[in-house]
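Protein chains in written order, with the working numbering: chain A, 264 to 562; chain B, 264 to 562; chain C, 264 to 562; chain D, 264 to 562; chain E, 264 to 562; chain F, 264 to 562.
Number of protein chains: 6
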Amino acid sequence: MSPLNFTHTLTQAVDELSKDSSYQSVFHQHVDGNPLPSTQALREVVELSRAIIFPGYYGHSAVNSCTVSYHIGVNVEQLFTLLTDQVVAGLCFSGKDRCSCYATPQRERAAEIAAAFISYLPELRRLLATDVAAAYTGDPAAQSQGEVIFCYPSVRAIVNYRIAHQLLLLGVPLIPRIITEMAHSETGIDIHPGATIGEYFCIDHGTGVVIGQTCIIGNHVKLYQGVTLGAKSFPLDRNGQPIKGIPRHPILEDHVIVYSNATILGRITIGQGAVVGGNIWVTQDIPAGGRVVQSRAKK
Amino acid sequence: MSPLNFTHTLTQAVDELSKDSSYQSVFHQHVDGNPLPSTQALREVVELSRAIIFPGYYGHSAVNSCTVSYHIGVNVEQLFTLLTDQVVAGLCFSGKDRCSCYATPQRERAAEIAAAFISYLPELRRLLATDVAAAYTGDPAAQSQGEVIFCYPSVRAIVNYRIAHQLLLLGVPLIPRIITEMAHSETGIDIHPGATIGEYFCIDHGTGVVIGQTCIIGNHVKLYQGVTLGAKSFPLDRNGQPIKGIPRHPILEDHVIVYSNATILGRITIGQGAVVGGNIWVTQDIPAGGRVVQSRAKK
Amino acid sequence: MSPLNFTHTLTQAVDELSKDSSYQSVFHQHVDGNPLPSTQALREVVELSRAIIFPGYYGHSAVNSCTVSYHIGVNVEQLFTLLTDQVVAGLCFSGKDRCSCYATPQRERAAEIAAAFISYLPELRRLLATDVAAAYTGDPAAQSQGEVIFCYPSVRAIVNYRIAHQLLLLGVPLIPRIITEMAHSETGIDIHPGATIGEYFCIDHGTGVVIGQTCIIGNHVKLYQGVTLGAKSFPLDRNGQPIKGIPRHPILEDHVIVYSNATILGRITIGQGAVVGGNIWVTQDIPAGGRVVQSRAKK
Amino acid sequence: MSPLNFTHTLTQAVDELSKDSSYQSVFHQHVDGNPLPSTQALREVVELSRAIIFPGYYGHSAVNSCTVSYHIGVNVEQLFTLLTDQVVAGLCFSGKDRCSCYATPQRERAAEIAAAFISYLPELRRLLATDVAAAYTGDPAAQSQGEVIFCYPSVRAIVNYRIAHQLLLLGVPLIPRIITEMAHSETGIDIHPGATIGEYFCIDHGTGVVIGQTCIIGNHVKLYQGVTLGAKSFPLDRNGQPIKGIPRHPILEDHVIVYSNATILGRITIGQGAVVGGNIWVTQDIPAGGRVVQSRAKK
Amino acid sequence: MSPLNFTHTLTQAVDELSKDSSYQSVFHQHVDGNPLPSTQALREVVELSRAIIFPGYYGHSAVNSCTVSYHIGVNVEQLFTLLTDQVVAGLCFSGKDRCSCYATPQRERAAEIAAAFISYLPELRRLLATDVAAAYTGDPAAQSQGEVIFCYPSVRAIVNYRIAHQLLLLGVPLIPRIITEMAHSETGIDIHPGATIGEYFCIDHGTGVVIGQTCIIGNHVKLYQGVTLGAKSFPLDRNGQPIKGIPRHPILEDHVIVYSNATILGRITIGQGAVVGGNIWVTQDIPAGGRVVQSRAKK
Amino acid sequence: MSPLNFTHTLTQAVDELSKDSSYQSVFHQHVDGNPLPSTQALREVVELSRAIIFPGYYGHSAVNSCTVSYHIGVNVEQLFTLLTDQVVAGLCFSGKDRCSCYATPQRERAAEIAAAFISYLPELRRLLATDVAAAYTGDPAAQSQGEVIFCYPSVRAIVNYRIAHQLLLLGVPLIPRIITEMAHSETGIDIHPGATIGEYFCIDHGTGVVIGQTCIIGNHVKLYQGVTLGAKSFPLDRNGQPIKGIPRHPILEDHVIVYSNATILGRITIGQGAVVGGNIWVTQDIPAGGRVVQSRAKK
């Protein structure tokens, strides 16, 4: 079918869709002409970070200890360039002033943030090594740490979270959320970049896990698939809009275990070493060492 | 290892796998030689639609209001071409007659459907703007509408659903389901294209949500992750095959909220403004303004 | 921003990240210089297998019965080559000896395994045909077997599982897990390659399903989304490490149905024809024909 | 620099360039909306033909005699499809009637031509084998026939010419010239598809060779680089346009050798076994066995 | 073979090659850290220009007159962006000051140049239409203007030359030469961007043609393959370096024809309507209407 | 057009083309199942070498002196790997024994050759710097050494030649010729890898230049476009095959200049500082300081 017969229909739709009133009134926050973050570039940012942190596992499979610095060097330089551009886009996106994102100060600030992120990479590697160790120790099916790094979706989700969380601390808007949502899409694990998570963190299987923005999670915590650490309700302001930034998600102290599909809601505290059974709904504090399970099923 | 030593094994397997009896008896519905839909092309169909609906967010990041019609024009034309081809493939797939899909009438009908879909794009943009607004208003963690459009998996799932639903209404077989399954894979949200969903629809986090074929959902409804709107059971015909097309999924009226991992089954009605608590199993009507929660957990 | 001003920061980070003490102590199992499996190549392995098993649905859309053997022949040969390489990488990964993976015997063994896998393809096609039939028969929304093959995530997950399971039986390390995790990422269905699963297996919707390493599942079993077949707890050895390989996941006999978000834990047996209701937590045997549901919700 | 400041300049240029009067009056032969040949597709047509003719040298480097039919089969089928489409585009390009190229008869004719071309492939292989043999025998620097097939630009140019010439004989417009111009670009050898060339044809080095439309070249002819077989002058019609199709290029009988940069012009005959020296200008017949060289240079 | 055994050799070579003394002393003009032009981007610049000038022939094969402005609009905008970046790189390359190329004024100037180039496109189209007409009229083998646009290497070379020449007039360094060298590589026609060439310019076959920097060519001039319009000798300055910019190439007046492989050297004038025979060496003026041919060959 | 109607024609052609007698008798030298060199990989070999030799000009445009060793390191390692594989393929190609190319000794030898080539890179850079200097000094149109490196086809041709020549000296079959033919295709300059060429070598414009296998060229030699340094005739052995390896091409001593389209044939010597005029045919020695030009043209 040649498109010619339908040209009138098409050009009419184009005219309607190009009217300012059609798209600008509804999506009014987009400043005309500014660059937007690129999902593709951010994907590379994550891949480069992963290749730097786990040399030999990602990015170039046959690294040896004599030449590893070449590969890390090239990756670090490329990461710096890509991340600087994306941080500029993030800063522009949240900025009010249209001209800002082409000005030198914005780029200078973005480059400082990217350099600070790169300085953080050794600590990031150390932290992720604790997460890998926790996953390996906690899973009888794991054959090796390499298998954990290579295959486990929870490692992928935690890598993205820890990158995103650091960028958030460095003051980058929008980008952190895009990075955690990438992992969400790949793993079904949804960790908000604002959450605070300790060492030796482990999620088994992981699909359906939700960890909210103001969660605080200690060390050696383990979650199973389908666990929600969510908000119970949230106060609205005078305009009926939710008030931003209020602590509204749970605190999990060290060594807590939460079994599959449990839902923990609100700013409650699950005490050190507590165990939360599967498929239950928790809205009140659980003391240290406590244990809750579902009421018995009906046969 | 050269493949030569194993040539006999390989050619034997090829012979066995190429026998008609091996593949035609089991997959007998595929009409020999007809084109099949292309997942790659349908992915582009969705990306083009998204670029047209959210100019500046997808497809070309630096659109300005003077040149936006160029970009929308090119995208609309390409969408028309790609969609026409895919609709032809969909029509052929479900057709009985082998020759049909190369005949002019089939292509003519496909082009009409594609043009009708393009005429629907302005309305689709309006509807999706309500969904974006609902997500932004309903999430204290959302920083801007732009962040919602850019990052939220629920927006991605609802875009695909609304495209697919319209194609279904236009009489296109197979394609709508492929489009919603793409979003299912990316977001863990499984909305059947046959479901009917009102304005200002919002899914928080989303992984594990299932919305069945005959669901009817009103305006301003909000679902959390892991919610199932499913069928309880379904009658079989005389051959033991399920009878197609019987209404068997829930009706959710306006302003209903369903919390995480709740399961609502069967052709029941959840009345206006009702709230369904998390991790529960609902198989009976809930009146307007009603509220159900899980029985207390056992400590 | 030119990267020049930050060169010192970058080179310092590179030096720190390239130190042996930084990465080798933590990720010590990776033998220097050996090849690692390639996710990209394994993705092609799965796609080629799928194209061979479902001719006309994947890989080349217009196959006809006269030329099908050409396409299957080329695909089988390419599958053999790719799979041999990946099996070598898998064998090296788990090996202790650094030189082993370039030696001829390793490649010879890998080629034998790849050839054995190819000989298994006709049986794999037969098994998958039963799974497709089960999905089609069990879903009133399914329009055709073709739609099931094309769109249903459960088919995708089961294809990957059955490939991975066979490779595991043939003695391949690591690779099987990577293959099932690919499907996990795409579908949210997490089937361990070690599980044993009978014919006519069907998962509806699927997101959030977890099937553990030592599960045994009979014929004609059906699971809904969010179902966990997991371990309750696992014994540790003297070093506090979990003991590998102990049977610790459920046995589901023929014709069992498990509804959405149910969690079944431990080496228990769900008897033939039993029905497990949604959103419940099961840790004890259910007799043949038994039925358990959640206790009533509280209004 | 944001493009915004220059938007007016750009939109003005777009308006001017989009006016019918600007492009339609000058390029008036292009029928609105018809498909045009694709250089990319024609490149694949040539590569597929080469892979079929020289199995193991192009397209798939490790073919063995047991599986070669799989590869040839797949390549032949793909060649048929691609070539049919391109022949349609060629027929439409030269057609007067706008609708013709979507009508079934045009596609039917194109498919017949493509099938006829495929039936010609065995003869094409035989012919090219004589050209390879001639190049190998005639060059002391050639190490093997494989090196000739792999490296010699003359082989590349002659492959394209022989493909193009056959398509021309089958009545395909435009496409043959595109195919020879591809080789012209890659090798600097410009053979018009209309020329008639015998067996065992050989061009050494080749850059700058020109062989005109109405040339007739016998068997065992050898040309060196820079040789022109051109037209001397051509009669004009009453409108001052050159008259098409008049024989105006040289005839070279069997076993002629022409050395580098010689220029032979007009419908003259170079007799059997004649030798033409380098850097000379020939506009008159040379008898069989004749020999001409440049007049002596001046020191 | 693992690279491990050769690590010492490799790292030693890297050390030697990374020494400043090794590469900076010899290639000293490259300012550390500045961007360089991208051949890939310039290739796109040429392709976009070609798509804009010949709508329907390049870039998108099925343009129709209702939607042509969409395509031209998108192409013009993209051309502006790409060209601005490349002009910046060109300006930096020739600049002395390292910081200059990140400063706003450089980008502003580049954008002005790019906009000026875009304003020139309608005139460029008009000029090229005369070249296409000359090629079509002058070649009895040409079937249509479309064939000329599509297939003739001379059109490709002249397009690149005319783009490059205009960029040179606009003050862009380096880039013009890269653009003409692209065409040189593809066609064997080497036109220096500094040459001045009138309307209705035509090169037949073209391989081996060289047109020097200070050539002046009138209207309706025709060259055949292998023609050189070169310099005879050039004066050196006191340091023995050639003096730049002195007129040293021929002037060809209107309606001159030069046959294949003729070499015309020095600042001489070939008068209006003169004909230069093939394979000769001309270093003195030829009067209007004159005719020179090679001395007779020796049999 | 569905391919179905023509299936018989296609399968018949496939059968004929797959017969051993059709392709094995004519192309008998190809050992069944051995790998062949990959043009794509060799293209990368050349690009990596170029990026290492001219840091900042090729491969990564913003290298600075602090990070240059990272880039060179990564490129050297990758070059080693790619080159080793290609050398193996080259050795197998010329080998008689089918099994040889999978044996460890072949790979070991290939790796030694690749390492030796890498050790040669610093010397290669030094040599090429003299060629760049010669081109810059000798061309009044050259604006900078950077322009010469970036744009001049002669540099491209000489880079490939010098790489190929060194590989030939290291005993690699086939590959060197493929590498020089790549440059031949891109530049129209055909230098046989066996030729011996001194420092400060320069080719102006270059299209059509041919330099034969046994040429010996001194330092500071300059050639113009279209120059042939060829063989006059070559003795045949008893079977009528040309005898390989006999010196049969010219010797050019230091500071020789050869103008465009001159043809110099046979094992003659052009003495130091001699000048050969354009478009002439030279088959006898020219003494040092000599000068020959074409006999005067006829008006």
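Think of the CB as a built atom: it goes at the ideal place given N, C-alpha and C, for glycine as much as any other residue.
Asked                                                                                                                      : Found
8 angstroms Cβ cut-off: residues of chain F touching T274 of chain C                                                       : C329, T330
Contact under 8 angstroms by Cβ, I441 of chain B with L305 of chain B                                                      : yes
Three or more C-beta pairs below 8 angstroms linking the region 513 to 532 of chain E and the region 475 to 490 of chain E : yes
Cβ separation of A373 of chain D and V351 of chain D, assumed to be a contact under 8 angstroms, to the nearest whole Å    : 4 angstroms
Outcome for S496 of chain F when other beta-carbon atoms lying within 10 angstroms are tallied against a minimum of 16     : exposed
Residue-chain proximity (G319 of chain D, chain I), Cβ-Cβ < 8 angstroms                                                    : The structure shown contains no chain I; the protein chains it does contain are A, B, C, D, E and F.
Segment limits, alpha helix (DSSP H) that includes C329 of chain A                                                         : First-last for C329 of chain A: undefined, no H or E at that position.
Alpha carbon of V521 of chain F to alpha carbon of Y399 of chain F, nearest angstrom                                       : 18 angstroms
Span of the beta strand (DSSP E), counted from its first residue to its last, around T526 of chain B                       : 526 to 528
Length of the line joining the Cα atoms of Q535 of chain D and I412 of chain E                                             : 39 angstroms
Alpha carbon of L384 of chain B to alpha carbon of C414 of chain A, nearest angstrom                                       : 41 angstroms
CA-to-CA distance, G471 of chain F to W544 of chain D, given in whole angstroms                                            : 18 angstroms
Contact set between V337 of chain B and chain E, taken where Cβ atoms lie within less than 7 angstroms                     : Y333, H334, V337
Option nearest Q303 of chain F by Cα separation, candidates F:T272, F:M445, F:L431                                         : F:M445
Alpha-carbon spacing of P300 of chain F relative to D348 of chain F, whole angstroms                                       : 8 angstroms
Complete runs of the beta strand (DSSP E) confined to the region 499 to 528 of chain F [at least 3 residues]               : 526 to 528
Range covered by the beta strand (DSSP E) that runs through L437 of chain B                                                : Neither: L437 of chain B is in no beta strand (DSSP E) and is coded neither H nor E.
Buried or exposed (CB count within 10 angstroms, at least 16 for buried), K485 of chain C                                  : buried
Same chain only: Cβ atoms within 7 angstroms of S265 of chain F, ignoring 5 sequence neighbours per side                   : Low confidence applies here, because S265 of chain F scores a pLDDT of 49, under 50, leaving its location unreliable; read the following figure in that light. Once the five neighbours on either side are set aside, S265 of chain F has no close Cβ partner at all.
CA nearest to the CA of T459 of chain F, picked from F:H447, F:R425, F:E386                                                : F:R425
Beta-bridge partners of L492 of chain E, as assigned by DSSP                                                               : E:I474, E:I527
Backbone CA spacing between L280 of chain E and Y333 of chain F [nearest angstrom]                                         : 11 angstroms
Beta-carbon spacing of R313 of chain C, V473 of chain C below 8 angstroms                                                  : no
Closer than 8 angstroms at the beta carbon, the chain D residues around C414 of chain E                                    : L437, R440, I441, E444
Closer than 8 angstroms to chain F by CB, K507 of chain E                                                                  : yes
Cβ-based burial, R388 of chain B [other Cβ within 10 Å; buried from 16]                                                    : buried
G508 of chain F beta carbon less than 8 angstroms from that of A525 of chain F                                             : no
Per-residue DSSP class, three states only, for G553 of chain A                                                             : coil
For V484 of chain B, three-class secondary structure by DSSP                                                               : coil
Short CB-CB distance (under 8 angstroms) between V307 of chain C and chain D                                               : Inspection of the sequence shows that residue 307 of chain C is occupied by Glu rather than by Val. So, not an interface residue.
Short CB-CB distance (under 8 angstroms) between E371 of chain D and chain C                                               : no
Limits of the alpha helix (DSSP H) - the one that S467 of chain F falls within                                             : As written in the sequence, residue 467 of chain F is Asp, which differs from the Ser given in the question. Premise fails: D467 of chain F lies in the beta strand (DSSP E), 465 to 467, not in any alpha helix (DSSP H).
C-beta neighbour in chain D for I543 of chain F, strict 8 angstroms                                                        : yes
I543 of chain D, DSSP secondary structure in three states                                                                  : coil
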